[in-house]
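J.:
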Amino acid sequence: MVNQSESVADMIKNFNSLEVFTGITVVVGMRYLVLAFIAWTLCYWLFYSRWFHRKIVKRPPRRKDIRRELLYSALSILIFGAVGMVTITLARMGYTRICWSVAERGWGWFALSILLAVLLHDTYFYWSHRWMHHPKLFHWIHKVHHQSNNPTPWASYSFSFWEAMAQAAIFPLTAFLIPIHPLAFGIFMGWQIFNNVLGHTGFEFYPRWMMKGWLRYLLNTPTNHIMHHEKPNGNYGIYFNIWDRIMGTNHPDYDQRLTELIQAKRNPTIPNMPQQERTTAKVTASKL
Ligand SMILES: [Zn+2]
Ligand SMILES: [Zn+2]
Numbered sequence: 114m115v116n117q118s119e120s121v122a123d124m125i126k127n128f129n130s131l132e133v134f135t136g137i138t139v140v141v142g143m144r145y146l147v148l149a150f151i152a153w154t155l156c157y158w159l160f161y162s163r164w165f166h167r168k169i170v171k172r173p174p175r176r177k178d179i180r181r182e183l184l185y186s187a188l189s190i191l192i193f194g195a196v197g198m199v200t201i202t203l204a205r206m207g208y209t210r211i212c213w214s215v216a217e218r219g220w221g222w223f224a225l226s227i228l229l230a231v232l233l234h235d236t237y238f239y240w241s242h243r244w245m246h247h248p249k250l251f252h253w254i255h256k257v258h259h260q261s262n263n264p265t266p267w268a269s270y271s272f273s274f275w276e277a278m279a280q281a282a283i284f285p286l287t288a289f290l291i292p293i294h295p296l297a298f299g300i301f302m303g304w305q306i307f308n309n310v311l312g313h314t315g316f317e318f319y320p321r322w323m324m325k326g327w328l329r330y331l332l333n334t335p336t337n338h339i340m341h342h343e344k345p346n347g348n349y350g351i352y353f354n355i356w357d358r359i360m361g362t363n364h365p366d367y368d369q370r371l372t373e374l375i376q377a378k379r380n381p382t383i384p385n386m387p388q389q390e391r392t393t394a395k396v397t398a399s400k401l
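Residue numbers (this note's numbering): 114 to 401.
1) Check this for me: beta carbons of H313 and P266, under 8 Å apart or not?
2) Would the beta-carbon of H252 be found less than 7 Å away from any heavy atom of ligand 2?
3) Looking at the unbroken alpha helix (DSSP H) that takes in T287, where does it start and where does it end?
4) With respect to the alpha helix (DSSP H) encompassing N337, which residues constitute its N-terminal and C-terminal limits?
5) So P335 packs on F316, CB below 8 Å; how close in whole Å?
6) Mapping DSSP to helix, strand and coil, what is K325?
7) Which residue spans inside the region 191–275 form an unbroken alpha helix (DSSP H) run of at least 4?
8) Indicate, with yes or no, if ligand 1 has a heavy atom lying under 7 Å from the CB of A152.
9) CA-CA distance, N385 and L191?
10) From T372, E217, A268 and L232, pick the residue whose C-alpha is nearest to that of A122; which is it?
11) Taking the C-alpha atoms as reference points, what is the distance between P264 and V196?
12) Where does K168 sit, in a helix, a strand or coil, going by DSSP?
13) Between the C-alpha atoms of Y161 and K378, what's the straight-line distance to the nearest angstrom?
14) Spatial neighbours of V133 within its chain, please: CB distance less than 8 Å, with the 5 preceding and 5 following residues excluded, ordered by chain position.
15) Grab the span of the alpha helix (DSSP H) containing P173 for me, first residue to last.
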């Protein structure tokens, strides 16, 4: 592990700028594609009818929304690659607090730095997200993400140019504030995309036993974020529900909706998704 962490740091230090850009873009892009593909396959191909009682918005997503989500996510990933390259360049020039060797602060700090990065991102996301909902900024920055009112895992990076820049700002912000090893930063980003895909898949995954206790007040849920896509004036958080609870910005019906979803029973009469699409099309055609 020690040798691996040192060789990752050495590799990043010795790459030229184009190699850093390509490396970050490929890693971020592959993580997004693999996780979103797994979520899509499980939730919309294999278990759509089985898990339908946990589907937050009770209708299948539209193809044109998925195409738009994929296109904007691809553009965002390029922007993440560019901002990552600038951050690494600044780090090599000695302007950031990035630690190139784990031995400098030890493995305890390595683990703590990941937790601090998660807390920093949670706070940054909540406040920048509320700022993006200001009426004067929403149209220019955040509207693209809200075009998905029944999002799929492919919406995880569906941002406008300016929003992708604002989201990517967490790279330099973390590097300037937290003495963090590049590998620890990579683990933090892994946690970020896992949560991001989980929050956009459209199903409530948390088990009932977990959401009955205190974790309900601490953790953010897919229900919380999907409700934000339905009704944008509330539920601004990402990993935790703490800022929304402190600031009183949870939707008034969030707790009730979460309770209904985690208590819902499976309905065996729900068809699988391609079949449901055909049924919906037939119903629509018969109404015309
Ligand atoms: Zn979203
Ligand atoms: Zn929003």
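The C-beta atom is built at its ideal place from N, Cα and C for all residues, glycine as well.
T.: According to the structure shown:
1) Here the question's residue 313 lines up with position 200 in the sequence shown. Here the question's residue 266 lines up with position 153 in the sequence shown. Yes; because the gap between Cβ atoms is below 8 Å, this pair is in contact.
2) The residue given as residue 252 occupies position 139 in the sequence shown. No, since every heavy atom of ligand 2 falls outside the 7 Å radius drawn around the Cβ of H252.
3) By 1-based counting over the sequence shown, the position of residue 287 is 174. I283 to L290 is the extent of the alpha helix (DSSP H) around T287.
4) Along the sequence shown, read from residue 1 onward, the residue named residue 337 stands at position 224. Its alpha helix (DSSP H) spans residues P335 to E343.
5) What you label residue 335 is simply residue 222 of the sequence shown in a count that begins at 1. What you label residue 316 is simply residue 203 of the sequence shown in a count that begins at 1. With a Cβ gap of about 6 Å, P335 and F316 count as contacting.
6) Along the sequence shown, one-based indexing puts residue 325 at 212. K325: coil per DSSP, three-state reduction.
7) 219–245, 248–254 and 256–259
8) Walking along the sequence shown from the start, residue 152 turns up at place 39. No, since every heavy atom of ligand 1 falls outside the 7 Å radius drawn around the Cβ of A152.
9) Reading the sequence shown from its first residue, position 272 is the one you call residue 385. Reading the sequence shown from its first residue, position 78 is the one you call residue 191. Spanning the two alpha carbons is a distance of roughly 35 Å.
10) Locating residue 122 in the sequence shown gives position 9, counting from the first residue. Taking only the C-alpha atoms, the option nearest A122 is E217.
11) For the purposes of this step, residue 264 is taken as residue 151 along the sequence shown, with counting starting at 1. For the purposes of this step, residue 196 is taken as residue 83 along the sequence shown, with counting starting at 1. C-alpha separation (whole angstroms): 26 Å.
12) Counting from one through the sequence shown, the residue named residue 168 turns up at place 55. Looking at K168 - three-state DSSP - the assignment turns out to be strand.
13) On the sequence shown, residue 161 is found 48 positions in, with the first residue counted as 1. On the sequence shown, residue 378 is found 265 positions in, with the first residue counted as 1. In a straight line, the C-alpha of Y161 is about 14 Å away from that of K378.
14) Taking the first residue of the sequence shown as position 1, residue 133 is located at position 20. Answer for V133: I125, G197, M198, I201 and T202, listed in chain order.
15) Counting from 1 along the sequence shown, the entry for residue 173 is found at position 60. Taken as a continuous stretch (DSSP letters only), P173 belongs to no alpha helix (DSSP H), as it is neither H nor E.
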